[in-house]
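One structure is given below, encoded as structure tokens.
There are 4 protein chains.
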Amino acid sequence: MTSAHFVTSKRVEFCETDLAGIVHFANYYRYMELAEHEFFRSLGMSIAQNYPDGTVIGWPRVSSQCSYQTPARYEDVLEIRIRVARLGVKSLTTEYEFYRSTSCIATGRMKTVCCRFAHGVPMTSIEIPQEYIEKIRVAAPDIFVETDVRSEQNSAE
Amino acid sequence: MTSAHFVTSKRVEFCETDLAGIVHFANYYRYMELAEHEFFRSLGMSIAQNYPDGTVIGWPRVSSQCSYQTPARYEDVLEIRIRVARLGVKSLTTEYEFYRSTSCIATGRMKTVCCRFAHGVPMTSIEIPQEYIEKIRVAAPDIFVETDVRSEQNSAE
Amino acid sequence: MTSAHFVTSKRVEFCETDLAGIVHFANYYRYMELAEHEFFRSLGMSIAQNYPDGTVIGWPRVSSQCSYQTPARYEDVLEIRIRVARLGVKSLTTEYEFYRSTSCIATGRMKTVCCRFAHGVPMTSIEIPQEYIEKIRVAAPDIFVETDVRSEQNSAE
Amino acid sequence: MTSAHFVTSKRVEFCETDLAGIVHFANYYRYMELAEHEFFRSLGMSIAQNYPDGTVIGWPRVSSQCSYQTPARYEDVLEIRIRVARLGVKSLTTEYEFYRSTSCIATGRMKTVCCRFAHGVPMTSIEIPQEYIEKIRVAAPDIFVETDVRSEQNSAE
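Residue numbers (this note's numbering), protein chains in the order written: chain A, 994 to 1150; chain B, 994 to 1150; chain C, 994 to 1150; chain D, 994 to 1150.
So this is what it looks like as structure tokens:
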């Protein structure tokens, strides 16, 4: 990771460990989400933004992945570094590094898609609203913003 | 417990244990809920029942408790016995026993209240609809059904 | 609660909510534990204390309970107030209040027992070591400490 | 997936949903693990196998990933299909498909490494014992088994 766009920390809780004495692997995804939501909050955005017309803009997952180098343990304080890897027309891809002290113990990646939720209607993917793009660009000024639907369709995953 | 009104089983999963090598205590509440929902399903009811007018009848918790006698471990198959302890005007109280083989290893209790959820309106407690009462009585014929609001208010918790 | 012995806060995470849009009731037990562990840490103690001889002193649950007045929601910041309710010979009982702003939205209680874990030996309850008692008394000076096994056996649960 | 080596099913529980009304994305990893452990159990193996000398053979994660096509909801019954994708010298890679009725709603993949856990010693990766290989080959006869460390080191991840 060249440089992180946001950094937060998380102390491992007892209930997040398993009988092997280490953090259960599925919890890294909760940690990534926690960091992502704090990142959004730091930009004055919410991952579940209510609008006056009763709709909600949310960000369901398209894919997620994590690689584990070294186990984390109870009471470890992990530093989580986020980088915006790609800002597509409808999707946002973020990358994560988990540090314990100076060691990177895990890395991850999530792709989410911007969706509108309205009561009684299936959720629909939408183009990321301009206000979101502007805020993300403030945090991640080195990000190339794709503005053409065709470019997103052509880009490799 | 004189006799159970419904019995189900649950195998302990790896992710439900903690570093002490035993099931994390908060997971017994998930197990109780799992059993409760299976009990509802066995009666042709859902804990989150959608109605044609868009409202949902649900059962949020008023209180829950659990006592732990012996720890449960990975791959243990627990038998969970439910008993309807009280069917109030608006509330339902259920009791739980967790068995591993012939030993009771934990007991619990939950009180839930029947509520209507409608879009854009705070959830409101309602009298338990007659169809629910009838179905619960089929499973728990020995239950005294309170039909007078005053009796519920006067009854000791 | 006359006065809290320790206060901490917890922001509700997305993954802690359920389809009813509120915090799932079992998560309050994780929150209590989180607060309890921070309380221990604030006293220079750990809920899982390793000793040079390879044994661990831990605190498994005997019982837990929670009452829910008002639901908590995503991004709510809850203040959790702990009070040591009873310091027995082998057990510790703590009480919890959850506040959102100035409203108490839930209360809870947990009883734990001090145990020694050694490799290959079943965990055994032990008298709470004096160093723990002294630290807890610093935080909770108004607590009556029971020092006689007989008194614990006689005390009502 | 050409053909699955093991198939199981899982009903979505209430506590596995989030405020968006769908299964929280991190839970798919618990589902994969659940299926993997049932697969092991079906072969007479355990994911945490105790040996008479006090050591345990376990399978910590190296990496995990999941792609989400369609959300799953409360009470959905998901069919989970596992395929052994690769049986390395020390590692096992499994692939997953989640079906609701006839639709594939998600796919996943996990790589685990065979490790020995002994008391007081850091966990160490080991060559997969022959008895495991034989049992896995019974379930997945079409799998090419790598028996040379060099081949594993050279193989692309």
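Virtual Cβ for every residue (Gly too), placed ideally from N, Cα, C.
Where DSSP assigns a beta bridge to D/G1051, which residues make up the other side?
D/A1041 and D/C1108
Starting from B/Y1067 and walking both ways along the beta strand (DSSP E), at which residues does that stretch end?
No beta strand (DSSP E) contains B/Y1067, which DSSP labels as neither H nor E.
Out of D/C1108, D/Y1092, D/V1082 and D/G1113, point me to the one whose CA is closest to D/I1136's CA.
D/V1082
Status (buried if at least 16 other CB within 10 Å, exposed otherwise) for C/Q1058:
buried
Measuring only the C-alpha atoms, how far is B/H1030 from B/I1015?
24 Å
Does C/E1090 come out as helix, strand or coil in the three-state DSSP assignment?
strand
Would you list, in chain order, the members of the stretch 1027 to 1041 of chain A that have their beta-carbon closer than 8 Å to a beta-carbon of chain D?
A1041
Any beta-carbon of chain A closer than 7 Å to the one on B/L1012?
Using a Cβ-Cβ cut-off of 7 Å, B/L1012 counts as an interface residue toward chain A, since at least one Cβ of chain A sits closer than that to its own.
Give the secondary structure of A/L1027 by DSSP, where H, G and I count as helix, E and B as strand, and everything else as coil.
helix
Proximity below 7 Å, CB of B/M1103 to CB of B/F1110:
Not in contact: B/M1103 and B/F1110 (Cβ atoms no closer than 7 Å).
Within chain A, partners of B/A1019 - CB distance below 8 Å
C1008
Are A/S1084 and A/V1106 close, meaning C-beta to C-beta below 7 Å?
yes
Just by C-beta distance, which residues in the stretch 1049 to 1077 of chain C are closer than 8 Å to chain B?
G1051, P1053, R1054, V1055, S1056, S1057, Q1058, C1059, S1060, Y1061 and P1064
Does the structure place the stretch 1033 to 1049 of chain A close enough to the stretch 1122 to 1130 of chain A that three or more beta carbon pairs sit under 8 Å?
Three or more Cβ pairs closer than 8 Å define a contact, and the stretch 1122 to 1130 of chain A meets that threshold against the stretch 1033 to 1049 of chain A.
Near B/R1066, which residues of its chain fall below 8 Å by C-beta distance, leaving aside the five closest residues on each side in sequence?
V1005, T1010, G1014, I1015 and V1016
Going along the chain, which unbroken runs of the beta strand (DSSP E) with 3 or more residues stay wholly within the stretch 996 to 1027 of chain A?
999 to 1004
Tell me which residue opens and which closes the alpha helix (DSSP H) that A/V1131 is part of.
Q1123 to A1132
Kindly indicate if chain D contains any beta-carbon less than 7 Å away from that of B/R1109.
Not closer than 7 Å to any Cβ of chain D, the Cβ of B/R1109 fails to qualify, so no.
7 Å is my cut-off, CB to CB: does C/R1093 come that close to chain A?
For C/R1093, the answer is no, since every Cβ of chain A falls outside 7 Å of its Cβ.
For B/H998, count neighbouring Cβ atoms within 10 angstroms of its own Cβ and tell me buried if that reaches 16, exposed if not.
buried
Can you tell me where the beta strand (DSSP E) holding D/T1117 begins and where it ends?
V1114 to S1118
Starting from the beta carbon of B/R1023, find every residue of chain C whose beta carbon is closer than 9 Å, and list them in chain order.
H1017 and A1019
Comparing alpha-carbon positions, which option in C/P1122, C/A1133, C/A1132 and C/V1138 lies nearest C/G1051?
Nearest C-alpha to C/G1051: C/P1122.
By DSSP's criteria, D/G1101 is part of a beta bridge. Which residues make up the other side?
D/C1059 and D/Y1089
If you compare alpha carbons, which of A/C1108, A/R1093 and A/R1076 is closest to A/A1132?
A/R1076
Do you know how far the Cα of D/S996 is from the Cα of D/V1114?
40 Å
Quick one: Cα of C/M1025 to Cα of B/T1095, how far?
Within the model, the alpha-carbon separation for C/M1025 versus B/T1095 is close to 32 Å.
C/Q1146 (DSSP reduced to helix, strand or coil):
Low confidence applies here, because C/Q1146 scores a pLDDT of 49, under 50, leaving its location unreliable; read the following figure in that light. In the structure shown, C/Q1146 sits in a helix (DSSP, three-state: H, G or I).
Alpha carbon to alpha carbon, how far is A/G1047 from C/L1012?
17 Å
Using a Cβ-Cβ cut-off of less than 7 Å, list which residues of the stretch 1110 to 1128 of chain C approach chain D; keep chain order.
H1112 and G1113
Taking Cβ-Cβ distances shorter than 9 Å, what residues in chain B pair up with A/H1047?
The sequence as given places Gly at residue 1047 of chain A; His does not occur at that position. Annotation: Cβ neighbours of A/G1047 in chain B (cutoff 9 Å, chain order): H1112 and G1113.
Considering only C-alpha positions, which residue in the set D/L1080, D/H1112, D/Y1061 and D/E1088 is nearest to D/P1134?
D/L1080
Is D/R1004 near the ligand GDP, in the sense that its beta carbon is under 6 Å from a heavy atom of that ligand?
Looking for the ligand GDP in the displayed structure turns up nothing, as the structure carries no ligands at all.
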